[in-house]
Amino acid sequence: MAEELEVKHLEDVVVRFSGDSGDGMQLAGNIFSTVSATIGNGISTFPDYPADIRAPQGSLTGVSGFQVHIAGGKAYTPGDKCDVLVAMNAAALKTQYRYAKPQATIIIDTDSFGAKDLQRAEFKTEDYLGEMGIDPDRVVACPITQMVKDCLADSGMDNKSILKCRNMFALGIVCWLFNRNLDFVTAFLREKFAKKPAIAESNIKVVNAGYDYGHNTHAGVPATYRIESKNKVKGRYMDITGNKATAYGLIAAAEKAGLKLYLGSYPITPATDILHELAKHKSCGVVTVQCEDEISGCASAIGASFAGALAATSTSGPGICLKSEAMNLAVIDELPLVVIDVQRGGPSTGLPTKSEQTDLLQALFGRNGESPMPVIAATSPTNCFDAVYAAAKMALEHLTPVVLLTDAYVANGSAAWKLPDINKLPDIRPHYATEEQKGSYTPYKRDPETGARYWAIPGTEGFTHILGGLEKDGDTGAISTNPENHDKMCRLRAAKIQKIPVPDVEVLGDKDDADLLIVGFGGTYGHLYSAMDELRAAGNKVALAHFSYINPLPANTQEVLTKYKKVVVAEQNLGQFAAFLRMNVDGFAPYQFNEVKGQPFVVAELTEAFARILDDIKN
0 MAEELEVKHL
10 EDVVVRFSGD
20 SGDGMQLAGN
30 IFSTVSATIG
40 NGISTFPDYP
50 ADIRAPQGSL
60 TGVSGFQVHI
70 AGGKAYTPGD
80 KCDVLVAMNA
90 AALKTQYRYA
100 KPQATIIIDT
110 DSFGAKDLQR
120 AEFKTEDYLG
130 EMGIDPDRVV
140 ACPITQMVKD
150 CLADSGMDNK
160 SILKCRNMFA
170 LGIVCWLFNR
180 NLDFVTAFLR
190 EKFAKKPAIA
200 ESNIKVVNAG
210 YDYGHNTHAG
220 VPATYRIESK
230 NKVKGRYMDI
240 TGNKATAYGL
250 IAAAEKAGLK
260 LYLGSYPITP
270 ATDILHELAK
280 HKSCGVVTVQ
290 CEDEISGCAS
300 AIGASFAGAL
310 AATSTSGPGI
320 CLKSEAMNLA
330 VIDELPLVVI
340 DVQRGGPSTG
350 LPTKSEQTDL
360 LQALFGRNGE
370 SPMPVIAATS
380 PTNCFDAVYA
390 AAKMALEHLT
400 PVVLLTDAYV
410 ANGSAAWKLP
420 DINKLPDIRP
430 HYATEEQKGS
440 YTPYKRDPET
450 GARYWAIPGT
460 EGFTHILGGL
470 EKDGDTGAIS
480 TNPENHDKMC
490 RLRAAKIQKI
500 PVPDVEVLGD
510 KDDADLLIVG
520 FGGTYGHLYS
530 AMDELRAAGN
540 KVALAHFSYI
550 NPLPANTQEV
560 LTKYKKVVVA
570 EQNLGQFAAF
580 LRMNVDGFAP
590 YQFNEVKGQP
600 FVVAELTEAF
610 ARILDDIKN
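Using numbering that gives the first Met the number 0, the letters of the sequence shown map in sequence onto residues 0 to 618.
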């Protein structure tokens, strides 16, 4: 038996898996994340899909990455750069090494670094490590492809199927490096490939072979590592993506409201998994329709809402453009509808898998006429559950369509999530017409306090009414072209939205005496929080106000944004939220930090930029 290596205890570690889009890097990363979450580690993941998902094998544009941050406590971001990089081919090493720390351990499959592989990856020489300035002592170079072929030689699998198992060998090495129990991996694979047990067992065999390779050779590393879990809270946990959490939140809201859930959706990247997940849950009273286009997806959901269901439609930015007329119909009909926008790179389809925050102004104003809607932004993969639940509650109780903004980073990323007790979730009470209104009901009769109209389900005796896209008389519900009535209805619909109660924005950090307030919204929370933490650790007075509720803004917004010496608004667009805040907060003139790279923020860059603002204040 090989001599045992020293086991070093770490606070956290970042691992990045990379290879061709068909190499199974997302699966390997997902399994490692799940295993880590299962033992109580904090995790934050970032699947970095290639924009050119059908790129030729071994090409630079077709590299798929999956980064996971494993921490003893809470992991707020997937990490700026990785401690371990798995590069399954030359193109992966070429494109992904920029995300590795200077002293990172690099695991490569030497069988995928032949002359043709190097040529496709645009290396100029056969000395690819020297060309990139990589210390060979940091590289675990092993012939993964050949070892997998040897391992499965008697499996009866064809060569193509065998090669698909290479990712599991790399996963086995990583599991050895971080002292992960393979029992969890085995259970995961048997569940995933339950209908293909032979495939499951082949993958399990290869994972064990990779683990044994690391154990028996020590893989050229000085030590293995262990990350102990801190602050364990009892409960049932799972590794969950933002899209799956969104689906679960809709199911929970429908259950709490006592309604069927309907999703009408066109499958569009990166929102498709919401449709896929909900389609699995017919037993929970979920109805899903995969529509042929975005307009029909939204329009069918409006029909379901009119019929008395909790209705939702899911899409990304290009889909919101197409749905806008139907969304206006929901506005004038004042029907509950949840519109989920998983934001992605734009302006058209060039970056379908990349993350941005560039749909904010479209969500707020991207419709014809006066058509106000509440807008909520999820802050993390697990927060997607709470955010969509809040959106559904708001839609049902205030009779309005609500836009939920997530983004490709939040939707595809994952984290350890404690399953909630549905009995402890906030009650949802749809704003139904009352029995007293029977026989005298009109569709735009309103609650005097909230301004919300009353929801009457079609077919209920005594509540006959007509809704549609033409302006209606506020008293009778009849079609009206009266200019005064139109003005009145526009103001009533706008006032109803502004009356919706939302929580105050919370100030974190040095909330009483900060020299700089960082402001953000949505999926940048983890990065901005981490930047605040680093600046405070360096002795600076810094606070963070992160917004989940965009429209209406929290009641304390003016107070918070005008309290501090300097404010910086950081967002993954060219200043949309900053512009919106200027519209609503008198005298507000913030600094701005803006990036539109299709990638999450880098904490080190944020810290450097905010430090410069602090220096300006001091000088």
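Beta carbons: idealized from backbone N, C-alpha and C, even for Gly. Keep in mind the model is a prediction, meaning the values are calculated, not measured.
When you compare the CB positions of Ala36 and Ala410, do they come within less than 8 Å of one another, or not?
As a position in the sequence shown, residue 36 is number 37, starting the count at 1. As a position in the sequence shown, residue 410 is number 411, starting the count at 1. No, they are not a contact pair.
Gly61 and Pro49: beta carbons closer than 8 Å?
On the sequence shown, residue 61 is found 62 positions in, with the first residue counted as 1. On the sequence shown, residue 49 is found 50 positions in, with the first residue counted as 1. Yes, Cβ-Cβ distance for Gly61 and Pro49 is below 8 Å.
Can you give the Cα-Cα distance for Gln620 and Ser32, rounded to whole angstroms?
Not covered by the structure: residue 620. The range shown for the chain is 0 to 618.
Where in the region 514-578 do unbroken runs of the beta strand (DSSP E), each at least 3 residues long, occur, reported from the N-terminal end onward?
Runs of the beta strand (DSSP E) inside the region 514-578: 515-520, 541-546, 548-550, 565-570.
Give the secondary structure of Cys383 by DSSP, where H, G and I count as helix, E and B as strand, and everything else as coil.
For this step, residue 383 is matched to residue 384 along the sequence shown. Cys383: helix per DSSP, three-state reduction.
Using the beta-carbon count (16 or more within 10 Å), is Leu556 buried or exposed?
Translated into positions along the sequence shown, residue 556 becomes position 557. Residue 556 is actually Thr in this sequence, not Leu. Burial call: buried.
So what's Thr352 in DSSP terms, helix, strand or just coil?
Residue 352 sits at position 353 when you count from the first residue of the sequence shown. Thr352 falls in the coil class under three-state DSSP.
Just to check my reading of the structure: Gly519 and His545 have Cβ atoms closer than 8 Å, yes? What is that Cβ distance to the nearest angstrom?
Counting from one through the sequence shown, the residue named residue 519 turns up at place 520. Counting from one through the sequence shown, the residue named residue 545 turns up at place 546. Rounded, the Cβ-Cβ distance is 5 Å, consistent with contact.
Which of the three DSSP states, helix, strand or coil, is assigned to Gly316?
Here residue 316 refers to the residue found at position 317 when the sequence shown is read from its first residue. The answer is helix: DSSP assigns Gly316 an H, G or I state.
Going by alpha carbons, who is nearest to Leu363 out of Asp134, Glu227, Ile105, Asn550?
Counting from one through the sequence shown, the residue named residue 363 turns up at place 364. Per the Cα distances, Asn550.
Measure the CB-CB distance between Gly597 and Glu355 and report whether it falls below 8 Å.
Translated into the one-based positions of the sequence shown, residue 597 becomes position 598. Translated into the one-based positions of the sequence shown, residue 355 becomes position 356. The answer is yes: Cβ separation under 8 Å.
Find out if the Cβ-Cβ distance for the pair Ala376, Ser315 is shorter than 8 Å.
Position 377 of the sequence shown holds residue 376. Position 316 of the sequence shown holds residue 315. Against a cut-off of 8 Å, the Cβ pair of Ser315 and Ala376 comes out as no contact.
Which runs of the alpha helix (DSSP H) spanning at least 4 residues fall entirely within the region 390-428, listed in chain order?
List check, alpha helix (DSSP H) in window: 407-411.
Using the three-state DSSP reduction, which class does Tyr388 fall into: helix, strand or coil?
The count along the sequence shown starts at 1 and reaches residue 388 at position 389. Residue state, collapsed to three classes: helix.
Checking the sheet assignment: what are the DSSP bridge partners for Ala376?
Start at 1 with the first residue of the sequence shown, and residue 376 comes out as number 377. DSSP lists Leu404 as partners of Ala376.
Can you tell me whether Arg611 is buried or exposed, with buried defined as 16 or more other CB within 10 angstroms of its CB?
Translated into the one-based positions of the sequence shown, residue 611 becomes position 612. So Arg611 counts as exposed.
Lys232: buried (16+ other C-beta within 10 angstroms of its C-beta) or exposed?
As a position in the sequence shown, residue 232 is number 233, starting the count at 1. Reading off the sequence, residue 232 comes out as Val, not Lys. Result: exposed.
Below 8 Å between beta carbons: does that hold for Val567 and Phe600?
Looking up residue 567 in the sequence shown gives position 568. Looking up residue 600 in the sequence shown gives position 601. Contact flag unset, no.
Using DSSP with H/G/I as helix, E/B as strand and the rest coil, what is Asp332?
Counted from its first residue, the sequence shown places residue 332 at position 333. Asp332: helix per DSSP, three-state reduction.
Ser295: which of Cys283, Thr240, Leu277, Gly318 sits nearest, CA to CA?
Residue mapping note: residue 295 aligns to position 296 of the sequence shown, counting from 1. The shortest Cα separation from Ser295 among Cys283, Thr240, Leu277, Gly318 belongs to Gly318.
With a threshold of 7 Å on Cβ separation, who are the neighbours of Val374 within its own chain once the five nearest residues in sequence on each side are excluded?
Counting from 1 along the sequence shown, the entry for residue 374 is found at position 375. Only Ala362, Leu363, Val402, Leu404, Ile549, Asn550 meet the Cβ criterion.
Can you give me the C-alpha to C-alpha distance between His275 and Thr268, rounded to a whole angstrom?
Here residue 275 refers to the residue found at position 276 when the sequence shown is read from its first residue. Here residue 268 refers to the residue found at position 269 when the sequence shown is read from its first residue. Cα to Cα, the separation comes out at about 12 Å.
Would you say Leu552 and Ile517 are within 8 Å of each other, going by their C-beta atoms?
Position 553 of the sequence shown, counting from 1, holds the residue named residue 552. Position 518 of the sequence shown, counting from 1, holds the residue named residue 517. No, these two residues do not count as a Cβ contact at 8 Å.
For Gly263, does the three-state DSSP call read helix, strand or coil?
In the sequence shown, counting from the first residue as 1, residue 263 sits at position 264. In this structure, Gly263 counts as strand in the three-state DSSP scheme.
Roughly how many angstroms lie between the CA atoms of Val559 and Asp614, to the nearest whole one?
Counting from 1 along the sequence shown, the entry for residue 559 is found at position 560. Counting from 1 along the sequence shown, the entry for residue 614 is found at position 615. Using only the alpha carbons, I get a separation of about 22 Å.
Taking C-beta to C-beta, are Tyr98 and Arg15 nearer than 8 Å?
The residue you call residue 98 lines up with position 99 of the sequence shown. The residue you call residue 15 lines up with position 16 of the sequence shown. Going by C-beta atoms, Tyr98 is nearer than 8 Å to Arg15.
Three-state secondary structure (DSSP) at Met582?
Residue 582 sits at position 583 when you count from the first residue of the sequence shown. Residue state, collapsed to three classes: helix.
Taking Glu369 as the reference, give the member of Ala325, Cys489, Arg53 with the closest Cα.
The residue given as residue 369 occupies position 370 in the sequence shown. Closest option to Glu369, Cα to Cα, is Cys489.
Rounded to whole angstroms, what is the Cα-Cα separation between Val147 and Leu92?
Start at 1 with the first residue of the sequence shown, and residue 147 comes out as number 148. Start at 1 with the first residue of the sequence shown, and residue 92 comes out as number 93. So the two alpha carbons sit approximately 20 Å from each other.
I need the straight-line Cα distance from Ile465 to Ser323, nearest angstrom please.
Taking the first residue of the sequence shown as 1, we reach residue 465 at position 466. Taking the first residue of the sequence shown as 1, we reach residue 323 at position 324. Roughly 22 Å between the two C-alpha positions.
Lys423: which of Val67, Pro135, Ala251, Arg492 sits nearest, CA to CA?
On the sequence shown, residue 423 is found 424 positions in, with the first residue counted as 1. Of the listed residues, the one whose Cα sits closest to Lys423 is Ala251.
Go ahead and label Asn367 buried or exposed: buried means 16 or more other beta carbons lie within 10 angstroms of its beta carbon, across all protein chains shown.
Taking the sequence shown and counting its residues from 1, the one referred to as residue 367 is at position 368. Exposed, by the Cβ-count rule.
Evaluate Lys417 with the Cβ neighbour count: other Cβ atoms within 10 Å of its Cβ, from every protein chain shown; 16 or more gives buried, anything less gives exposed.
Within the sequence shown, numbered from 1, the residue matching residue 417 stands at position 418. Exposed, because fewer than 16 other Cβ atoms sit within 10 Å of the Cβ of Lys417.
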